[in-house]
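The numbering of the sequence shown is full-length UniProt numbering, which starts it at 1 and goes up by one.
Beta carbons are placed, not taken as given, at the ideal position from N, Cα and C, and that holds for glycine.
To start, the structure itself, in structure tokens.
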Amino acid sequence: MGTLLDLLPFLEGWEYNLKKTEVAEIYPGVHGELLPASGVRDIIFAEKELGWLVGGGFLVVGNNAEQTWLTLRTDNWVWRGQIVGMYLWGMTMRGIVAPYLTRYDTVNNIYGLSVDLAYPLPYKSQARVSIEAPSQNPVVIGGVFSTIRIKPEVGMREK
């Protein structure tokens, strides 16, 4: 059985929305931005639109960075997890709707997160993907996240 992504080439009225953090190089080839202690950064923030959360990936670097929180939120659904908690729960492989760890390096304080959803997660009015730094230390985050947005002026229809 196909997914929504398989049908998109045959439809019009949609667009990819790619958001990324890019300020300074935090790791060879990876750019990021400083997030102060207890700071929250919305990677995706959509209001009053229709669409789907597709997925993305993040790198978090810094002392106590394993205490960083990731939150995915749509209309009536929320997933919130802390890097160290994901590690303790063994979330190191792709799931259906939960993010997973791609790197957990306590020696170099580098942590990788992937949100590779088995099925795009729909939203009717709002979607938010945010990262919250630990209360003790700032962290540097780098990453990218994508959504599919229905263009309100066109609507989704067959080509």
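- Leaving aside the five residues that flank LYS20 on each side, the residues in its chain whose CB is nearer than 7 Å to its CB run, in chain order, GLY143 and VAL144.
- For VAL107, the closest alpha carbon among the candidates ALA98, THR74 and GLU66 is that of GLU66.
- Counted as a single uninterrupted DSSP element, the stretch harbouring GLY90 is not any beta strand (DSSP E), since DSSP gives it neither H nor E.
- Residue pairing of ALA37 in beta bridges, as defined by DSSP: absent, with no partner found.
- Setting aside the 5 residues that flank it on each side, THR71 is surrounded in the same chain by ARG80 and SER130, each with a C-beta closer than 6 Å to its C-beta; the list follows chain order.
- The C-beta distance from GLY51 to ILE148 rounds to 5 Å, short enough to meet the 8 Å contact threshold.
- Residue environment analysis places VAL40 among the exposed positions, since fewer than 16 neighbouring C-beta atoms fall within 10 angstroms of its C-beta.
- Taking the Cα of GLU33 as reference, the smallest distance to any Cα among GLY62, LEU18, LEU5 and ARG94 is reached at GLY62.
- Take the alpha-carbon of VAL140 and the one of GLY2: they are about 38 Å apart.
- Looking at the DSSP output, PHE58 shares a beta bridge with LEU113 and GLY143.
- A residue is called buried once 16 or more other Cβ atoms fall within 10 Å of its Cβ, and ILE96, having fewer, is exposed.
- In the DSSP assignment, LEU70 falls within the beta strand (DSSP E) that extends over 69-74.
- The distance from the Cβ of TRP14 to that of LYS151 is about 7 Å, consistent with a contact at the 8 Å cut-off.
- DSSP places ALA65 within a helical segment (H, G or I) once states are collapsed to three.
- Assignment of beta-bridge partners to ALA127 by DSSP yields ALA46 and THR74.
- Partner residues in a beta bridge of TYR119, as assigned by DSSP, do not exist.
- Judged by their CB atoms, ARG157 and GLU47 are not nearer to each other than the 8 Å cut-off.
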